[in-house]
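Chains as they are written, first to last, in the working numbering: chain A, 1 to 346; chain B, 347 to 692.
Okay, structure coming up:
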């Protein structure tokens, strides 16, 4: 049973909850906006459903809501932000803003973040570049889920890559993709409902292709393109975890592992298109590319959608009509609300 | 029938041929080195076998060996090189060198190239960053071969991405991957030999999966990860072709299409790791990651290889023992040699 909740109602609920565990009012809005952006775009797994996990990380003392983040290096077109084990959303917003400032001065800005936590959806930050007529490129490492190619141990994360490109009259193009064929959550869901998974999603503990979700959970997600996706995931890990000196491949903790700090690392890049050509011309060219693709014959007469377009349209709809939440999810959220003596989400 | 040819012999042969069509002695060595690097690394399709195609582009007047390349924009951490329809290898080497200089000054350097031509293997340029303790990221757009997701027209190129990461005692990690499952050349080869192709490589003209290489050649290569690889290829095209104002998605010509300039665009990024942590520490961490991965249990007891490792080892072997060339390829090269009254490749 799902009901619809307005963005405003969810935002104020998230803000109240997260401030109850100590996140300052300076930062609670960006945290709330990031979770809501995920729900608006249909990425339920990174939305408000994760709120209790963030709360738990703070309550168990493995995440620091009042972290004193600082740029430990900051020179020219690059910087390194030490997130001091604070919220990934706070670090992410700050790092991307700095990358954009640097791109305004130098044409390009690259900021790595160390000692951070789960930051939600990568496109939330990449899209910060759009209003500035910049291209945003954002990545994060994540907890082990995928075997490095040719091995039998899931050392690599699903390590997403988000790229946001401004358009003119058309909608911006926003790619936000993990380097695995599917998210682990889809396999967990299949295991819960007892349904088989399609071939190509995962391998079992011996590295054999499997359609049994329980065997898949003991094994590895499949990277996109085999050795290619595995290599890409490794490169994301190097740019996010190794370059930031946050932790080595395989050491990032999941959001629900409260045995210690997650030590997540991120990578943010902003690129000012006006350093290459007038922004207006670039955006007209992007419009032309979008129209050219949408003018092609469609496979099976289906809809042709550019990366991020379906999410953009869904977000518009949900901003108007509300975000659907399952009653079970709302109940979980209200357990948290009760604990902190906060008004229920109704 | 294959015979072995030393690097020196091939290099001097390539230099003589390409200087015969007007490439200056200042640039012929880098052109030769790029082709040889491909053959050394086992990427035959981008090696000396392509020499006649480059010659033909010059002879038919669609490529300019004496192109007056210049940086039409060059400020801060970014630049735009107009290759003036010259050799992609000359533009590539120059653009990557500039990106490295910029990274030394600003921490990061990003150079886009417009009006260029086929530049060989992307890793050749990305690897220029390694000796400088920098990370190199290089992309190029390429001629249409892949349907944008959901469409039936191969507008996208196989648009490769190369990322080179310096290591300490271990070999550097060098990823060089196209965004398609396989190269079109593999399908052409299967069509010639009349062998079926594996499922997942390509679709026919109606977008249906096919194992018939002739049907595949009328259709589309499959992108890695479906909608993900398609999106990634589009982003490469935007960074290379659109940002450089070279041409729109779908307009790049193949190396053998002599109906006009290819209008290829490239993208080069160098990132100075010492702006984030001491280079020595970074390289030690990369070594540790490599050893960690190589220490994992292997699937099927096979070899565990990091991206670029097999190519690195093959290059070492071929540098010692020579590069194998098929007699038919050598004969084609000698037809060119005879035309220019150059000593045969024996």
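No residue lacks a Cβ here, since even glycine has one placed at the ideal position from N, Cα and C.
Residue-level contact check: residue 11 of chain A does not touch chain B, since none of the beta carbons of chain B fall below 9 Å from its beta carbon. Between residue 406 of chain B and residue 432 of chain B, the beta carbon gap of about 15 Å keeps them out of contact (Cβ cut-off 8 Å). As the crow flies, the alpha-carbon of residue 414 of chain B is around 22 Å from that of residue 397 of chain B.
From the beta-carbon of residue 452 of chain B, the residues of chain A found nearer than 7 Å are 76, 77, 106.
By the 16-neighbour rule on beta-carbons within 10 angstroms, residue 4 of chain A is exposed.
Counting along the chain, no alpha helix (DSSP H) covers residue 324 of chain A; the unbroken beta strand (DSSP E) around it starts and ends at 323–326.
For residue 593 of chain B, there is no enclosing alpha helix (DSSP H), since its DSSP letter is neither H nor E. When C-alpha distances from residue 285 of chain A are compared across B/644, B/597, B/467, the shortest belongs to B/597. Along the segment 133–157 of chain A, going in chain order, the ones with a CB nearer than 7 Å to a CB of chain B are 148, 150, 151, 152, 153, 155. Within the same chain, 513, 514, 515, 516 come within 6 Å of residue 633 of chain B by CB-CB distance, once the 5 residues on both sides are set aside. Boundaries around residue 451 of chain B are those of the alpha helix (DSSP H), 434–452, since no beta strand (DSSP E) includes it.
Shown here, residue 127 of chain A sits in a helix according to DSSP, grouped into three states. In this structure residue 567 of chain B is buried. Its beta-carbon is surrounded by 16 or more other beta-carbon atoms within 10 angstroms. Cβ atoms of residue 31 of chain A and residue 90 of chain A come within 8 Å of each other, at about 7 Å. Of all residues in the segment 565–583 of chain B, only 569, 570, 571, 572, 573, 574, 575, 576, 577, 578, 580, 581, 583 place a beta-carbon less than 9 Å from a beta-carbon of chain A. It is roughly 16 Å from the alpha-carbon of residue 622 of chain B to the alpha-carbon of residue 264 of chain A. Look at the segment 241–296 of chain A and you find these whole runs of alpha helix (DSSP H), each 4 residues long or longer: 279–294. Within the segment 606–624 of chain B, the residues whose Cβ lies closer than 7 Å to some Cβ of chain A are 617, 619, 621, 622, 623, listed in chain order. Residues of the segment 640–659 of chain B with a C-beta atom less than 8 Å from some C-beta of chain A are 642, 643, 644, 645, 646, 648, 649, 650, 651, 652, 653, listed in chain order. By the criterion of a C-beta distance shorter than 8 Å, residue 416 of chain B is surrounded in its chain by 427, 428, 430, once the five residues flanking it on both sides are discounted.
Taking 9 Å as the threshold, the shortest C-beta distance from residue 388 of chain B to chain A does not fall below it. Taking 9 Å as the cut-off, the beta carbon of residue 217 of chain A is found closer than this to the beta carbon of residue 184 of chain A.
Out of B/618, B/608, B/620, the CA that lies nearest to the CA of residue 463 of chain B is found in B/608. Our two residues, residue 617 of chain B and residue 465 of chain B, have alpha carbons roughly 21 Å apart in a direct line. With contacts defined as CB atoms closer than 9 Å, residue 202 of chain A and residue 213 of chain A qualify as a contacting pair. Taken in chain order, the whole beta strand (DSSP E) runs of length 3 or more contained in the segment 493–546 of chain B are 507–511, 519–523.
Three or more beta-carbon pairs separated by less than 8 Å are not found between the segment 570–586 of chain B and the segment 472–482 of chain B, which leaves the two stretches without contact.
When secondary structure is reduced to three states using DSSP, residue 397 of chain B falls in the helix class. When Cβ pairs closer than 8 Å are counted between the two stretches, the segment 446–462 of chain B is seen to touch the segment 102–113 of chain A, the count reaching three or more. Cα atoms of residue 639 of chain B and residue 404 of chain B: separation of roughly 46 Å, rounded to the nearest angstrom. Contacts with chain B at 9 Å (Cβ-Cβ) include residue 281 of chain A. Spatial neighbours of residue 104 of chain A in its own chain (CB-CB distance under 7 Å, excluding positions within 5 residues in sequence) are listed in chain order as 272.
Cβ-Cβ separation between residue 669 of chain B and residue 386 of chain B: approximately 7 Å, consistent with a contact (criterion under 8 Å). With contacts defined as CB atoms closer than 9 Å, residue 486 of chain B and residue 434 of chain B qualify as a contacting pair. Shown here, residue 421 of chain B sits in a strand according to DSSP, grouped into three states. Spatial neighbours of residue 367 of chain B in its own chain (CB-CB distance under 7 Å, excluding positions within 5 residues in sequence) are listed in chain order as 401, 404, 405, 411.
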